[in-house]
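Visitor:
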Amino acid sequence: MPKKGCPYGSHRVLAPAGLLPQAAAKLDNGLPIYDNEILVDVATLNVDSASFTQIEDACGKDPDRMAAMILSIVAERGKMQNPVTGSGGVLIGTVAEVGPRAAAVHAVAPGDEIVTLVSLSTTPLVLDRITAVRLETDQVDVAGKAVLFEKTVFAKLPPDMPRKLALSVLDVAGAAPQTERLVKPGDTVFVLGGGGKSGMLCCYAARKRAGESGMVIGTGHSARSTERLRALGLCDHVVQVDATNPLAVERAVRELTGGRMADVTINCVNIDGTEMGAILATKPDGTIYFFSMATSFTRAALGAEGIGYDVTMLIGNGYATDHAAKSLDIMRESEKMRRVFEELYA
Ligand SMILES: NC(=O)c1ccc[n+]([C@@H]2O[C@H](COP(=O)([O-])OP(=O)(O)OC[C@H]3O[C@@H](n4cnc5c(N)ncnc54)[C@H](OP(=O)(O)O)[C@@H]3O)[C@@H](O)[C@H]2O)c1
């Protein structure tokens, strides 16, 4: 009979004692599984963009060094949680075993292909080897095993789209549904990092909710992401601006809105130091959703205080009710979005 596990996975925490898996420094990634766990043969990790970018920079974009760094993080921590950014990502794998208590909660069986919808920073993981590091998609093909808990949110892979396309959308599944919730018809919405994966999904949701009476402004960084966003035709204005330059960001939004600024700002940039640009671009009574995992709570809070700005700032909770289905539906609704995502990620 398998051992009885805690619904939140606390039985897997090795250090520090008493924490839950996400906050833990080290997880027990050993076998056999507990009664409320699911064992997954892992095929691909979609490493969180902030984490992947940090690893890429630290390793000079050398795939072999990056593979070695990822293997060493997982060996050290029992999970793929970047010690610098704190973030994880998601995985694709095939269910190998389902504990009896997990079977009562999840309609899943050995052989099912699934994508996790919780961060890799909470997921016990062993990697036997890395077979490919794909710089253009932040994805890493691996052989390994992961353990999911009864509270772990995951989805079966949709039959109507390539698995790597689904993986890339599901990695950022919370972004568009959260945007949909925050934006009202007629709003001015500003999406920093609008030419990236979550940014394009947010621009799509913002356009839909703000409607024709609203205004959507998106930013690109490189010429490539700027052009990609322009070609999608979702934004009233696409500007190429460095999000780490707060005054340049403020100026761009002020000029485009005639000084009214944004009702809602969504930050989807994958590097740090972009909090003040997001704050200055937003109306004093507006709302900023920091989806970016490179956001510093301290910089955002003290930065807003420092300029006397009474703005509402939301932490980018990656989970929203039905977020997987809603985000995948964007790929079904919009042929243009699907083509761009397929070209980039599938
Ligand atoms: N809240 C959550 O649950 C959750 C889940 C997943 C991911 N995330 C976070 O969301 C963020 C975006 O993820 P993603 O997968 O959408 O990333 P992505 O596809 O790599 O997009 C990031 C975008 O940021 C832009 N960018 C980089 N440096 C910039 C700068 N200096 N100025 C302006 N733009 C800049 C990039 O433009 P170029 O390509 O042109 O440089 C790119 O378009 C990351 O921080 C990630 O960690 C959060």
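No gaps in the numbering here: position 220 of the sequence shown is 211 in this note's numbering, and each next residue is one more.
Just so it is clear, CB atoms sit at the ideal spot from N, CA and C, and this is done for glycine as well.
Output the boundary residues of the beta strand (DSSP E) element that contains Glu104.
Guide: Unbroken beta strand (DSSP E) run through Glu104: 104 to 107.
Visitor: From Gly205 to Gly268, what does the alpha carbon distance come to, in whole angstroms?
Guide: In a straight line, the C-alpha of Gly205 is about 21 Å away from that of Gly268.
Visitor: Note down the Cα distance separating Lys136 from Met252, rounded to an integer number of angstroms.
Guide: Each residue's Cα considered, the two are about 48 Å apart.
Visitor: Specify whether the segment 161 to 171 and the segment 12 to 28 touch according to this definition: at least 3 beta carbon pairs, one from each stretch, less than 8 Å apart.
Guide: They do not touch, by the three-pair rule.
Visitor: Find the nearest neighbour of Cys382 within the set Thr235, Pro237, Asp233, Leu192, judged by alpha-carbon distance.
Guide: The chain is shown from -8 up to 337; residue 382 falls before or after that span and cannot be answered.
Visitor: Compare the Cα-Cα distances from Pro(-2) to each of Thr85, Gly9, Asn27 and report the closest residue.
Guide: Nearest of Thr85, Gly9, Asn27 to Pro(-2), Cα basis: Asn27.
Visitor: What does the alpha-carbon distance come out to for the pair Ala87 and Ala98?
Guide: Cα to Cα, the separation comes out at about 14 Å.
Visitor: Just the C-alpha distance for Arg215 and Ala222, rounded to the nearest angstrom, thanks.
Guide: Roughly 11 Å between the two C-alpha positions.
Visitor: Would you mind stating whether Val33 and Ile105 have Cβ atoms separated by less than 8 Å?
Guide: No.
Visitor: Compare the Cα-Cα distances from Pro150 to each of Gly297, Asp320, Lys327 and report the closest residue.
Guide: Nearest of Gly297, Asp320, Lys327 to Pro150, Cα basis: Asp320.
Visitor: Which residues in the same chain have their Cβ closer than 7 Å to the Cβ of Glu141, if we skip the five residues on either side of it in sequence?
Guide: Pro(-2), Asn27, Arg92, Ala93, Val96, listed in sequence order.
Visitor: Is the Cβ of Asp178 closer than 8 Å to any Cβ of chain B?
Guide: In the structure shown, chain B cannot be found, because there is only a single protein chain.
Visitor: Work out the CA separation of Pro(-7) and Cys194 for me, nearest whole Å.
Guide: Cα to Cα, Cys194 sits roughly 47 Å from Pro(-7).
Visitor: Per DSSP, which one or two residues make a beta bridge with Phe181?
Guide: Beta-bridge pairing links Phe181 to Ile208, Thr256.
Visitor: Taking the alpha-carbon of Phe332 as reference, which of Phe145, Thr312, Leu220, Ala311 has the nearest alpha-carbon?
Guide: Of the candidates Phe145, Thr312, Leu220, Ala311, the one whose C-alpha sits nearest the C-alpha of Phe332 is Leu220.
Visitor: How many Å lie between Pro176 and Lys155 at the Cα?
Guide: Cα to Cα, the separation comes out at about 33 Å.
Visitor: So, under 8 Å CB-CB, Ala201 and Val174 are touching, yes? Tell me the CB distance rounded to an integer number of Å.
Guide: About 5 Å separates the two Cβ atoms, so the contact holds.
Visitor: Our contact map puts Thr170 next to Ala197 with C-beta atoms below 8 Å; I'd like the distance itself, whole angstroms only.
Guide: Rounded, the Cβ-Cβ distance is 6 Å, consistent with contact.
Visitor: Cα separation between Met57 and Phe43?
Guide: Computed Cα separation, rounded: 9 Å.
Visitor: Looking at the structure shown, is Glu28 part of a helix, part of a strand, or coil, going by DSSP?
Guide: Looking at Glu28 - three-state DSSP - the assignment turns out to be strand.
Visitor: Residues in the same chain with beta-carbon distance under 7 Å from Val160, minus the five sequence neighbours each way, listed in chain order, please.
Guide: Ser318, Leu319, Met322, Phe332.
Visitor: Consider the C-beta atom of Asp233 and the heavy atoms of ligand 1; say whether any pair is separated by less than 7 Å.
Guide: Indeed, a heavy atom of ligand 1 lies less than 7 Å from the Cβ.
Visitor: Tell me the start and end of each unbroken alpha helix (DSSP H) in the segment 212 to 262 that is at least 4 residues and wholly inside, in chain order.
Guide: Counting whole runs of 4 or more residues, the segment 212 to 262 contains the alpha helix (DSSP H) stretches 214 to 223, 237 to 248.
Visitor: For Pro91, name the three-state secondary structure that DSSP assigns.
Guide: Pro91 falls in the helix class under three-state DSSP.
Visitor: Nearest to Glu326 by CA position, among Met152, Thr85, Glu67, is which residue?
Guide: Among Met152, Thr85, Glu67, the Cα nearest to that of Glu326 belongs to Met152.
Visitor: Which value, in whole angstroms, describes the spacing of the CA atoms of Pro54 and Arg125?
Guide: Near 8 Å, if we compare the C-alpha coordinates of Arg125 and Pro54.
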